[in-house]
Amino acid sequence: MKDLLEVTPAGMYCAQGDFYIDPWKSVPRAIITHAHADHARPGCDRYLCASPGKIVLRTRIGRAASIDTVRYGETLWINGVKIVLAPAGHILGSAQVGLEHQGMRWVVTGDYKIQTDPTCAAFEPLEADVLVTESTFGLPIYRWPDPEKIAAEINQWWRDNQAAGRSSVLLAYALGKAQRLAAMIDPTIGPIVAHGSVMKMVRAYRDSGVRLPPIDGVPPQARKVGGGRALVIAPPSVAGHRWLKLFGKTSLAMVSGWMLLPAAHHNRVFERGFVLSDHADFPGLLSAIEASRAKRVLVTHGTTESLAKLLRERGLDAMSLHTPFTGALPPDQSADLLEKLAGSDATQAE
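Numbering (our numbering), first residue to last: 1 to 350.
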């Protein structure tokens, strides 16, 4: 029987249904797992996403986009292929895509996490014969601490900076991580201020029904903001930018799963790192794969071959799925990665 999905120059394609999943080029019909730039490309004729993610996706790819939605768990048929979307727990509206045709079940996870997140629906496993899984943090060294512990550390860091007359700047991706942080921290400590790119997504989250604490943007003509008491949430690209001068004395911290690596702290960008990721850690990946009950696993987005090898050793038919996102970042290059992140918001692999 022919595979339900194949990798083409435009992306993962289902010939039976004549649609793509997270294409990396413009195509006639695209099912989108979530709105991060490496999964949602502008220019497709029609999009399909989980209903909670419609506003975020439209904010990302443009108002003119034709976007259809389906509720989590609702069945949809496209050219004889049965489709069900299930929560992936990555960001608001993120979804796993379940496909079924002639008795064969495939699931494409997109990006996902197992940890709880107050801003999006929790991960729900889908059973499959073939699972296509991400592997961003697919090495045994990646094991995340409790998010509540990280929130407490951030709150204390914020208080300590206030006592020293410094504004606290959290460097985090504008979509997903920034809103999760805002929902985690204690807003009674002081004012929360956000960069314009973050505020754009804050509005999209609020318009989607997500409750967030009061967050202020930065007025265009502002000369000084926060009075040394604010917590500022901004994308990594602001590091070293004159925009930060609006907040007087500052302390910068990076929020990322890469902060687990000691090498990531030897950099010239920030003074503190907090370990928080919107991707599954190594135990999370293994638990999701096991919950799918898949006998065949295709691994993409990250440490593909390392994870595939381990799965083969455990008796699964596993292999790396070669896409533009195949391949891992060696741990000793993590500091270089973070300095590159400080100059670009193109990647969402955090």
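All residues carry an ideal CB built from backbone N, CA and C; glycine is no exception.
As the structure is a prediction and not an experimental result, all values here were calculated from the model.
Simplified DSSP assignment, three categories, for Val202:
Position 202 of the sequence shown holds residue 202. If DSSP states are grouped into helix, strand and coil, Val202 belongs with the helices.
With 16 other Cβ atoms within 10 Å as the buried cut-off, status of Val132
Numbered from 1 along the sequence shown, position 132 holds the residue referred to as residue 132. That one is buried.
Is Met1 helix, strand or coil by DSSP?
Here residue 1 refers to the residue found at position 1 when the sequence shown is read from its first residue. Looking at Met1 - three-state DSSP - the assignment turns out to be coil, as it is neither helix nor strand.
Same chain only: Cβ atoms within 6 Å of Val70, ignoring 5 sequence neighbours per side
Within the sequence shown, residue 70 is the residue found at index 70, counting from 1. These residues qualify, in order along the chain: Leu76, Leu85.
Is the beta carbon of Ser256 closer than 9 Å to that of Ser135?
If you number the sequence shown from 1, residue 135 lands on position 135. If you number the sequence shown from 1, residue 256 lands on position 256. For Ser135 and Ser256, no; Cβs fall outside 9 Å.
Tell me, to the nearest whole angstrom, how far the beta carbon of Ile32 is from that of Cys49; I am working on the premise that it is less than 8 Å.
For this step, residue 32 is matched to residue 32 along the sequence shown. For this step, residue 49 is matched to residue 49 along the sequence shown. In this structure Ile32 is in contact with Cys49, their Cβ atoms being roughly 5 Å apart against a cut-off of 8 Å.
For Pro213, which residues from the same chain have a beta carbon less than 7 Å from its beta carbon, with the 5 sequence-adjacent residues on both sides left out?
In the sequence shown, the residue the question calls residue 213 occupies position 213. Ala182, Pro187, Ile192, listed in sequence order.
Look up Arg60 in the DSSP assignment and say whether it is helix, strand or coil.
Locating residue 60 in the sequence shown gives position 60, where the first residue counts as 1. Note: Arg60 maps to helix in three-state DSSP.
Rounded to whole angstroms, what's the CA-CA distance from His241 to Gly273? Just pull it up for me.
In the sequence shown, counting from the first residue as 1, residue 241 sits at position 241. In the sequence shown, counting from the first residue as 1, residue 273 sits at position 273. Cα-Cα distance, rounded: 19 Å.
So the beta strand (DSSP E) Leu316 belongs to, where does it begin and stop?
Taking the first residue of the sequence shown as 1, we reach residue 316 at position 316. DSSP places Leu316 in no beta strand (DSSP E); its state is neither H nor E.
If you check the beta carbons only, do Val169 and Phe247 fall under 9 Å apart?
Walking along the sequence shown from the start, residue 169 turns up at place 169. Walking along the sequence shown from the start, residue 247 turns up at place 247. Yes. Within cutoff.
Alpha-carbon to alpha-carbon, Ala10 and Leu4:
The sequence position of residue 4 within the sequence shown is 4, counting from 1. The sequence position of residue 10 within the sequence shown is 10, counting from 1. Across the structure, Leu4 and Ala10 are spaced so that their CA atoms are roughly 16 Å apart.
Out of Thr116, Val130, Pro87, Asp45, which has the shortest C-alpha to C-alpha gap to His101?
Numbered from its first residue, the sequence shown carries residue 101 at position 101. It is Val130.
Taking Ala291 as part of the alpha helix (DSSP H), name the residues at either end of that continuous run.
The sequence position of residue 291 within the sequence shown is 291, counting from 1. Note, Ala291: alpha helix (DSSP H), 282–292.
What do you get for Ile154, buried or exposed, if any count of 16 or more other CB atoms within 10 angstroms of its CB means buried?
Residue numbering aside, residue 154 sits at position 154 when the sequence shown is read from its first letter. The residue is buried, with at least 16 neighbouring Cβ atoms inside 10 Å.
I'd like the list of long-range same chain contacts for Phe282, defined as Cβ closer than 7 Å, with 5 residues on each side in sequence excluded.
Along the sequence shown, read from residue 1 onward, the residue named residue 282 stands at position 282. Excluding residues within five positions, the ones whose Cβ falls inside 7 Å are Phe137, Gly138, Leu139, Pro140, Tyr142, Arg143.
Buried or exposed: where does Thr116 fall if 16 or more other Cβ atoms within 10 Å of its Cβ makes it buried?
For this step, residue 116 is matched to residue 116 along the sequence shown. By the C-beta density criterion, Thr116 is exposed, having fewer than 16 other C-beta atoms within 10 angstroms.
Contact under 9 Å by Cβ, Leu171 with Ala234:
Here the question's residue 171 lines up with position 171 in the sequence shown. Here the question's residue 234 lines up with position 234 in the sequence shown. In terms of Cβ geometry, Leu171 and Ala234 form a close pair [threshold 9 Å].
Which term fits Ser344, buried or exposed, when burial requires 16 or more other beta carbons within 10 angstroms of its beta carbon?
Numbered from 1 along the sequence shown, position 344 holds the residue referred to as residue 344. Model confidence at Ser344 stands at a pLDDT of 44, short of 50, so the residue's coordinates are unreliable and nothing is read from them.
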